[in-house]
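Down below is the structure, laid out as C-alpha cells.
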Amino acid sequence: MVSEYDSGGEERRLRPLYEAIDSRNYKAALKIADTLLKKKPGHQLVRVLKAITYERMGRRTEAIDLAETIRKEAPTDEHVLSTMVLVYKATGQTEKLLEMYESATEAHPDNIELLRGLFTALIRVDNFAKQQQTAMKLYKFTKE
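Shown next, in the form of C-alpha cells:
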C-alpha cells in the first residue's frame, strides 16, 4: 500500500507545517494548516498535525475533538496513524490508538507497517494475548 502522502509534492507542501511545529511556532503552524485545509478540507494528515499543534499550545480539548473526528473516519494510512500516536500519547488516550490500528489492520491485513503499529499499540495497553497473536502474524509475513 503506497501512502498518498509519499509523493514529493505532498512532502513539499507539508514541510513548512512540520518546520513550524518543530520550531515551536504554533501560531504559524495553525495558519499554515488552515491554508492547506482550505485547499483540501479532508486532508487527514494536516488535520492530525493541527491537532498536535493544538495540544502543544495547551488547547487539549480542541486537540482531542479534532483527533476524535479523524479517528471516526477510520484512517488506514500509516503516516496518519503514526502521527496520531503523538496526539493520543500526549493526551493519555492510548487505548484509542489500539482501536485505530485494529480497524486499519482489518481493512489491510497484509500491511506489515500497520501490523507493527498494532503490536506497539498492544504493548502500550498491556494486552499480552493479542500481542502474541499479532507477533505471530508478523512472523508469518516477515520470517524474522
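Start counting the sequence shown at 6; every next residue gets the next number (my numbering). Virtual Cβ for every residue (Gly too), placed ideally from N, Cα, C.
How should residue i be labelled, buried or exposed, when 16 other C-beta atoms within 10 angstroms of its C-beta is the threshold for buried?
i	result
Ala34	buried
Glu83	buried
Ile57	buried
Val85	buried
Thr139	buried
Thr110	buried
Ile75	buried
Thr66	exposed
Taking the alpha helix (DSSP H) that residue i belongs to, which residues open and close that run?
i	result
Met89	Glu83 to Ala95
Glu16	Gly13 to Asp27
Gln136	Phe133 to Thr147
Glu73	Arg65 to Lys77
Lys45	Per DSSP, Lys45 belongs to no alpha helix (DSSP H) and is neither H nor E.
Met62	Note, Met62: premise wrong, no alpha helix (DSSP H); not H, not E.
Under 8 Å by Cβ, that's how I've got residue i and residue j pegged, so tell me the actual separation to the nearest angstrom.
i	j	result
Leu41	Val53	The pair is not a contact, with the Cβ atoms about 12 Å apart (cut-off 8 Å).
Who are the Cβ neighbours of residue i in its own chain at under 8 Å, not counting the five residues just before and after it?
i	result
His48	Leu41 and Leu42
Asp115	Phe146
Leu19	Tyr10, Leu41, Leu50, Val51 and Leu54
Ile117	Leu143, Phe146 and Thr147
Thr88	Leu50, Val53, Leu54 and Ile57
Going along the chain, which residues of its own chain have a beta-carbon closer than 7 Å to the beta-carbon of residue i, five neighbours each way excluded?
i	result
Glu60	Ala68, Val92, Ala95 and Thr96
Val90	Leu102
Ile37	Pro21, Leu22 and Ala25
Met62	Tyr31
Starting from the C-beta of residue i, find all residues in its chain whose C-beta is less than 6 Å away, skip the five residues before and the five after it, and write them out in chain order.
i	result
Ser108	Ala79
Gly122	Leu86 and Tyr106
Ala72	Ala56 and Val92
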